[in-house]
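Engineer: Before I ask anything, here is the structure I am working with.
There are 2 protein chains.
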Amino acid sequence: MSTSERLIESTRELLWERGYVGTSPKAIQQHAGAGQGSMYHHFSGKPDLALAAIRRTAAELREQAERQFTTPGTAVERISAYLLRERDVLRGCPIGRLTQDPEVLADPALRGPVDETFDWLHGRLTEVLAEGRERGELAAGLDPADTASAVMAVLQGGYVLARAAGSTEPYDRAVKGALGLLAAHAATGAPAAALPRPTRERETS
Amino acid sequence: MSTSERLIESTRELLWERGYVGTSPKAIQQHAGAGQGSMYHHFSGKPDLALAAIRRTAAELREQAERQFTTPGTAVERISAYLLRERDVLRGCPIGRLTQDPEVLADPALRGPVDETFDWLHGRLTEVLAEGRERGELAAGLDPADTASAVMAVLQGGYVLARAAGSTEPYDRAVKGALGLLAAHAATGAPAAALPRPTRERETS
DNA sequence: GTCTATATAAGGATAGAC
DNA sequence: GTCTATCCTTATATAGAC
Numbered sequence: 001m002s003t004s005e006r007l008i009e010s011t012r013e014l015l016w017e018r019g020y021v022g023t024s025p026k027a028i029q030q031h032a033g034a035g036q037g038s039m040y041h042h043f044s045g046k047p048d049l050a051l052a053a054i055r056r057t058a059a060e061l062r063e064q065a066e067r068q069f070t071t072p073g074t075a076v077e078r079i080s081a082y083l084l085r086e087r088d089v090l091r092g093c094p095i096g097r098l099t100q101d102p103e104v105l106a107d108p109a110l111r112g113p114v115d116e117t118f119d120w121l122h123g124r125l126t127e128v129l130a131e132g133r134e135r136g137e138l139a140a141g142l143d144p145a146d147t148a149s150a151v152m153a154v155l156q157g158g159y160v161l162a163r164a165a166g167s168t169e170p171y172d173r174a175v176k177g178a179l180g181l182l183a184a185h186a187a188t189g190a191p192a193a194a195l196p197r198p199t200r201e202r203e204t205s
Numbered sequence: 001m002s003t004s005e006r007l008i009e010s011t012r013e014l015l016w017e018r019g020y021v022g023t024s025p026k027a028i029q030q031h032a033g034a035g036q037g038s039m040y041h042h043f044s045g046k047p048d049l050a051l052a053a054i055r056r057t058a059a060e061l062r063e064q065a066e067r068q069f070t071t072p073g074t075a076v077e078r079i080s081a082y083l084l085r086e087r088d089v090l091r092g093c094p095i096g097r098l099t100q101d102p103e104v105l106a107d108p109a110l111r112g113p114v115d116e117t118f119d120w121l122h123g124r125l126t127e128v129l130a131e132g133r134e135r136g137e138l139a140a141g142l143d144p145a146d147t148a149s150a151v152m153a154v155l156q157g158g159y160v161l162a163r164a165a166g167s168t169e170p171y172d173r174a175v176k177g178a179l180g181l182l183a184a185h186a187a188t189g190a191p192a193a194a195l196p197r198p199t200r201e202r203e204t205s
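Have a look at this one:
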């Protein structure tokens with residue numbers, strides 16, 4: 001892997017774990033096994049490097065999410081697949097995390113990918129839910145856009161609760177609770193069966 | 001207000017806005033209008049001061065939440081009151097925020113109040129929901145503990161989404177979506193009416 | 001209790017040799 | 001492209017006078 005690649009990957013790791021303020025150029029260099037000059041040769045500084053890292057993380061998140069959405073099955077099944085996907089719960093969301101960094105939010109370039117990622121996700125989830133409603137899988141009274149936001153919030157909030165507890169339990173409960181509510185809102189006759197639930201620690205995203 | 005009080009209050013503000021790593025003793029002192037010696041006279045250092053600040057914020061959060069829970073009305077109404085309460089959405093949750101600070105999570109003393117606050121909140125919400133189920137307001141199939149986690153997650157996640165978007169919209173949508181799902185899960189005949197929704201920016205918690 | 005030195009490390013970067 | 005030297009600022013205290 002090239003030095004530039006290693007720098008980006010190291011920055012992704014550190015941003016995820018320590019956030020923007022908590023990540024120093026020196027820490028990145030050491031993690032990447034690169035010298036100062038090397039870093040400042042490839043990138044103009046910390047914000048530039050962070051931008052590259054954030055963009056890549058955002059792109060990866062979209063790819064992974066899209067995989068659950070294009071799965072065959074009912075809307076509830078696809079939403080379940082998304083929420084129940086194996087995740088590194090205790091590390092939290094690498095994109096949602098950036099939301100707590102005032103310097104990230106203050107910089108339009110850094111904030112852009114964060115905002116756009118959630119926007120895209122909301123759009124996709126809304127589509128899936130709207131489709132399910134049209135097919136009669138979900139009650140007509142369900143608002144796809146609002147429900148999509150609720151699903152995303154359960155995910156993001158589940159991470160927060162899990163980190164506070166130092167355990168995935170609150171995350172698992174929240175997902176289970178949300179899917180329970182969603183299944184109850186399914187039009188009569190729709191299966192809305194729960195899928196198996198593998199949650200492991202320590203695994204990329 | 002005493003110097004020590006001003007230091008604690010300033011720390012609360014800064015922790016909320018910038019987090020633990022992002023908050024320096026110097027910044028606290030300036031915000032409090034206190035000198036270095038003053039701060040180190042009253043507190044042994046940054047962790048000590050942060051502990052006092054976090055404890056107070058946690059206590060305040062509990063008091064505010066308890067107010068919504070002791071309100072008269074059905075379970076869904078009390079949950080609605082809690083979620084729809086006026087909040088400073090774009091500032092996020094002053095306790096949930098700490099969850100993104102590795103140094104806070106790594107220090108049992110600092111992490112304790114965070115963990116306990118969510119634990120307490122989960123217990124209270126579970127009670128409210130269980131009560132509603134017993135009274136026949138909610139379907140028997142609803143799991144109070146899981147649903148309580150889902151409600152908390154919607155709140156915490158709603159903050160995250162709102163900050164990413166720079167707008168309260170995703171938060172409002174998530175809450176609306178969640179209450180919609182919850183209302184649908186109410187036993188037939190229960191009112192589960194939506195309450196008015198005032199969300200303002202810039203207001204203490 | 002508060003103020004003013006003083007101190008060591010880290011943050012974030014530039015300059016210029018190789 | 002990478003390395004070393006150097007620079008200024010901030011972070012986080014400690015020491016001791018007032």
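As they're listed, the protein sequences go chains A and B.
Residues 1 to 205 in the UniProt record's numbering are what the first sequence lists, from first letter to last.
Residues 1 to 205 in the UniProt record's numbering are what the second sequence lists, from first letter to last.
Positions of the beta carbon are idealized from the N, C-alpha and C atoms, including for glycine.
Give me, in chain order, the residues of the same chain whose beta-carbon lies closer than 7 Å to that of A162 of chain B; leave out the 5 immediate sequence neighbours on both sides.
Structural biologist: Excluding sequence neighbours, A162 of chain B sits near V89, L90, T168, P170 and Y171.
Engineer: So P170 of chain B contacts chain A; which residues on that side make the cut at Cβ distance below 8 Å?
Structural biologist: Correct list: F118, H122, S149, M152 and A153.
Engineer: Taking buried to mean at least 16 other C-beta atoms within 10 Å of its own C-beta, is Q100 of chain B buried or exposed?
Structural biologist: Its Cβ being crowded by 16 or more others within 10 Å, Q100 of chain B is buried.
Engineer: Using only the alpha-carbon positions, how far apart do V104 of chain A and G141 of chain B sit?
Structural biologist: V104 of chain A and G141 of chain B: Cα-Cα distance of roughly 43 Å.
Engineer: Please tell me whether A50 of chain A and L15 of chain A are closer than 8 Å, where the distance is taken between their beta carbons.
Structural biologist: Yes, the Cβ-Cβ distance between A50 of chain A and L15 of chain A is below 8 Å.
Engineer: Mind listing, in chain order, the continuous alpha helix (DSSP H) runs of no fewer than 4 residues lying wholly within the stretch 130-173 of chain B?
Structural biologist: For the stretch 130-173 of chain B, whole alpha helix (DSSP H) runs of length 4 or above, ordered along the chain, are 144-165.
Engineer: I need the straight-line Cα distance from R56 of chain B to A130 of chain A, nearest angstrom please.
Structural biologist: Taking the straight line from one Cα to the other gives about 44 Å.
Engineer: If contacts are defined as beta-carbon pairs under 8 Å, then I79 of chain A and L155 of chain A qualify, I think. What distance do you get, rounded to the angstrom?
Structural biologist: Wrong, their Cβ atoms sit about 10 Å apart, outside the cutoff.
Engineer: Report the start-end ranges of each alpha helix (DSSP H) in the stretch 11-83 of chain B that is 4 residues or longer and not cut off at the edges.
Structural biologist: Fully enclosed alpha helix (DSSP H) runs of 4 or longer: 25-32, 36-42 and 46-69.
Engineer: What is the rounded straight-line gap between the Cα of A164 of chain A and the Cα of Q30 of chain A?
Structural biologist: Their backbone Cα atoms lie some 29 Å apart in a straight line.
Engineer: If we count the other Cβ atoms within 10 Å of its Cβ and call it buried at 16 or more, is K26 of chain B buried or exposed?
Structural biologist: The residue in question, K26 of chain B, is exposed, as its Cβ has fewer than 16 Cβ neighbours within 10 Å.
Engineer: Using 8 Å as the cut-off, can you tell me whether the stretch 69-79 of chain B makes contact with the stretch 31-48 of chain B, which would need three or more C-beta pairs spanning the two stretches below that distance?
Structural biologist: Judged by Cβ distances under 8 Å, the stretch 69-79 of chain B makes no contact with the stretch 31-48 of chain B, as fewer than three pairs qualify.
Engineer: Hey, would you say A139 of chain A sits closer than 8 Å to A184 of chain B, going by beta carbons?
Structural biologist: Yes, the pair counts as a contact, with Cβ atoms nearer than the cut-off.
Engineer: Could you tell me the distance, in whole angstroms, from the CA atom of G177 of chain A to the CA atom of I28 of chain B?
Structural biologist: Those two C-alpha atoms are separated by around 41 Å.
Engineer: Give every residue of the same chain whose Cβ lies closer than 7 Å to the Cβ of R133 of chain A, excluding the five residues on either side of it in the sequence, and list them in chain order.
Structural biologist: Cβ neighbours of R133 of chain A beyond the five flanking positions: A140, L142 and P144.
Engineer: Starting from the C-beta of R111 of chain B, find all residues in its chain whose C-beta is less than 7 Å away, skip the five residues before and the five after it, and write them out in chain order.
Structural biologist: Counting only Cβ-Cβ distances below 7 Å, and skipping sequence neighbours, we find V104 and L105.
Engineer: Quick one: list the residues of chain B neighbouring R163 of chain A, beta-carbon separation under 8 Å, in chain order.
Structural biologist: What R163 of chain A touches in chain B: T99, Q100 and L105.
Engineer: R62 of chain A and W120 of chain A - do their beta-carbons sit closer together than 8 Å?
Structural biologist: Yes, these two residues count as a Cβ contact at 8 Å.
Engineer: When you compare the CB positions of R124 of chain A and F69 of chain A, do they come within less than 8 Å of one another, or not?
Structural biologist: Going by C-beta atoms, R124 of chain A is nearer than 8 Å to F69 of chain A.
Engineer: Does T128 of chain B have its Cβ less than 8 Å from a Cβ in chain A?
Structural biologist: In the sequence as presented, Thr is not what sits at residue 128 of chain B; that position holds Val. Chain A contact via Cβ: absent.
Engineer: Are the CB atoms of R18 of chain A and P102 of chain B within a distance shorter than 8 Å?
Structural biologist: Yes. Within cutoff.
Engineer: Check the Cβ of A109 of chain A against every Cβ in chain B and list those closer than 7 Å, keeping chain order.
Structural biologist: Going along chain B, no residue has its Cβ under 7 Å from A109 of chain A, so there is no contact; the nearest lies around 14 Å.
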